[in-house]
Structure formats: C-alpha cells, structure tokens
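Last residue of the sequence shown: number 1062 in the working numbering, and the count goes up by one each step with no gaps.
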Amino acid sequence: MVQGMSEDRLKRITNHLDAYVEQGRIPCAVCLVNRRGRETFFHAVGNCDVENNRKVQRDTIFRIYSMTKPITSVALMMLYERGKFQLDDPVSKYVPSWKDLRVYESGEGDNIQTRPSKSPMTIKHLLTHTAGLTYGFMNNHPIDSLYRRRGVEGGGSSYTLEDMMEHLSGIPLLYDPGTLWRYSVATDVCGYLVQLFGDRDLDEFIEVEICSPLGLEETGFHVREESADRLAACYQHTPDGFVLQDASEDSRYLRRPTYLSGGGGMVSTIDEYQRFAQMLLNYGEFRGVRILGRKTVEYMASNHLPDNSDLAGMGQPVFSETSFEGIGFGLGFSVVIDPPAASVLDSKGEFAWGGAASTYFWIDPVENLTVVFMTQLLPSSAWPIRRELKTLVYQSLVD
C-alpha cells in the first residue's frame, strides 16, 4: 500500500491503459496519480509518434487544448487579487465596444433578429461560461455559423486577441448573461483581459507569473526549439482506429502564435501539469511559492451556477469537456456537487477539466488527490476513458 492506495489495485490502471493502446483505440497513454503530496502511480504506454515509432516518455510534450482554461483563469484571478477589477464589473467597463451587445431572438444569416440584453455581461460570467458566448464548432445554432463566418476562433496567420474582441463586438449573444451555461470562447476573452490588466502579452504573463515560479519550463503557447523532438503527434479518431491530424515535426505548436488562445492554446508535460494541479490542491501554494491566496482557490472551486444548479439545470446541453448531471461550475473548471447524480465515484467538491485531444485532470480535496492523464486523440468524446479512469483510481483507495 502506498499513501492509502492498493498497489495491486493500481495495476488495474496499467492493464486498462495497455489494452486501449494494444487495441488501437488511442496512440499512447500517460497517467500520473499523486496522493497526500506524493506520487502513488505512474504509467506510460504506446507511441507518441506512431509514424516514426517514437515511444511516449515522461517528458513528452502534449497539446493540452482546453486544459489551458484553468491556467488562464488562475492568471485572471491573480490580477483580481491585485485589485485590478471586480468580478461583478461589466465587461464593457474595460471593452467599450461591448457596451451595447444584443441578444439573438430569431432568424439566421443576414436575417437574424435581436433585442437588447436584459443584463450586462460581467467578468464572472466569462469565468463561468454563462456570458452568452459560444464556439463556432458547436454547429447547432445560427450564432455558431456567424462565429465561423467571421473567423472568431482564428482568422489567419496574423490574427490576435484584439481581432477576436472586435469580431465578437458585432455578433449577438445567444442568451442573456447569467441565464444559461454554454461552453464557449469566454476563456479566450479572459485571456484578453489578462493582457489588458497585466499590461503584457498573455504568454508572457503566464510565463512570468505562473510557469517560472512553479518550474514549468515546457508549459506555454509553443514548444521551445530545443524541445521540438519531444512534441507528440496528434491523431483523429476514425471508425477504424485513428489517423494523423498534426505531425510533430511541422506542427504549428513549434512557433509562437499571434493568437494566444487562453481557452485552448497551450502545451505541457504530465509532471508540469501535475505541479499546477498540486498548487491548486494546496490552495494556491507549491513548494514555498504562493500563486493564489487560500480563499481565492476555495472560491474558484465552489459552484457558481445560480441556486447551486448543475449544468443540466442550466440548459445548453451541447458539447463540453464534462458531463452535466450533478456537475456544477466554478471559476475555470467543473465542480462535482452531487456524486450520485453524476454517476461517478467522485467526492463532492472535486474539480476538473479536460482537453480536446482527450487529456484530463482532476483534483479531489477530500481524498487529497490529483490525477493527470495525457494522450493525443481528437475528439475527447471518442472513448469513455475519463470515466473509466476515475473508477480505476477510486477503486484503489483503501485508506
């Protein structure tokens, strides 16, 4: 037994991940479990670059996509702690072009009808994905089509966060802020606010204020030249297995982007992301370095949906990196509010998030536990590996 976890039962994780790779469902898998501040389980299997027969290693660099969101949210809350803004401040206080945003009512294309918003969009709405924004790839609403047509999520090699803000200023909201929950570009807008309040580019702020203090040398918005040979390839799920989606040797992640996506643009390694997760589990501190205050982390990890609702109760049950029943939402990540309703073995108060290439992490303050999982397979809904992994981790707890 190690830190209250059965070593024999932990081996079930090894067997399960090995089977996923051997059956050709995912190219590779890396899993790291820490409990009570100590490593209790690590396993790596498969090829991070199938075409070049390159084995996944502990220091392999992964596209973490939406696991960028918690990092950007932490960055914005660091600036909140410094008195740069209040959470209930209207976004238009800092972005004047957003003062008169309107709300979708009917129609599509050039015939969309709108009305004035019943409530202003606040910074807290952005952090909780209740701002009325969306993602163009959702592809289930006329406003999604406008996002795609106007290139909101990236419009060319010189596209910037400032360009995104300008494009969004001319597109109606899906709903009145605070009334529904919908996964969206809201965290990219948070990244823009980090630049505004932090008076420097988003990647520089995160590097100086978060990565450097925590020793996250490979975590950032692109891969350093000297580390390029450690970037994993990324794959797309198909009915017959998977195909190459982004080769490691010519990936866009080898260059600094002009569009610094605070919602999905970063890379990291499993150990480095675990340090970030451990900092949150420690309520803002890691090895003597304090990133956030204790009360701030407690506040972020609380459910901020109205009336303590879960995501199912807030409507908009389209794509997300979490299930909806029994799951609330904090400032940057999901929060378990009702484990039986969520149909998983989580503890109440566990907070988590995942990335589009099937990466995932969760933090369980009750069990003093962090788990980080890395692979590179799009989309994250291809296999139920996250839910299976939770069962396998929790069944190993004996103390």
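From the three backbone atoms N, C-alpha and C, an ideal C-beta is built for every residue, glycine too.
If you're wondering where the values come from, they're calculated on a predicted model, not measured in any experiment.
Proximity to residue i [Cα-Cα], best of the options
i	options	result
C874	V1061, F800, Q937, Q720	Q937
M977	Y846, G904, T921	Y846
R915	R726, L968, D671	R726
M668	E829, N697, I834, F982	N697
Y822	P1047, P1003, L923, S972	L923
A964	G951, P1047, F1014	F1014
L796	V766, G819, V886	V766
G995	V708, G700, T735, L831	T735
R675	Q666, D722, F705	F705
Residue burial classification, residue i (beta-carbon count within 10 angstroms, cutoff 16)
i	result
A682	exposed
K884	A small correction: the amino acid at residue 884 is Phe; Lys does not occupy that position in the sequence shown. Label assigned to F884: buried.
S1006	exposed
E768	exposed
G854	buried
Q776	exposed
P779	exposed
D712	buried
Beta-carbon spacing of residue i, residue j below 7 Å
i	j	result
L750	K787	yes
T731	G927	yes
P690	N710	yes
S1059	L680	no
V1034	V999	no
T985	E935	no
F1098	L974	Past the boundaries of the shown model lies residue 1098; the chain is included only from 664 to 1062, so the question cannot be answered.
V719	V737	no
G947	T850	no
L877	F949	yes
Y898	Q1039	yes
S782	G841	yes
I869	A940	no
V981	N803	yes
I954	M942	yes
G1012	S1043	no
V886	V848	no
Counting pairs of beta carbons, one from the segment 893–903 and one from the segment 950–960, are three or more of them closer than 8 Å? Short answer: they don't touch.
Inspect the CB distances between the segment 813–829 and the segment 740–755 and report whether three or more fall short of 8 Å. Too few Cβ pairs lie closer than 8 Å, so no.
What are the complete beta strand (DSSP E) segments, minimum 3 residues, inside the segment 682–769? Entirely contained in the segment 682–769, the beta strand (DSSP E) runs reaching 3 residues are, in chain order, 691–698, 701–712, 725–728, 765–769.
Is the segment 756–776 in contact with the segment 1010–1021, if contact means three or more CB pairs nearer than 8 Å? no
Decide if the segment 844–860 is in contact with the segment 899–917; the criterion is three or more beta carbon pairs, one per stretch, under 8 Å apart. no
Secondary structure, beta strand (DSSP E): runs of 3+ residues fully inside the segment 946–1003: 990–992, 997–999
Enumerate, from N- to C-terminal direction, the unbroken alpha helix (DSSP H) stretches of 4 or more residues contained entirely within the segment 814–891. DSSP runs (the alpha helix (DSSP H)) wholly in the segment 814–891: 824–832, 849–861, 865–869.
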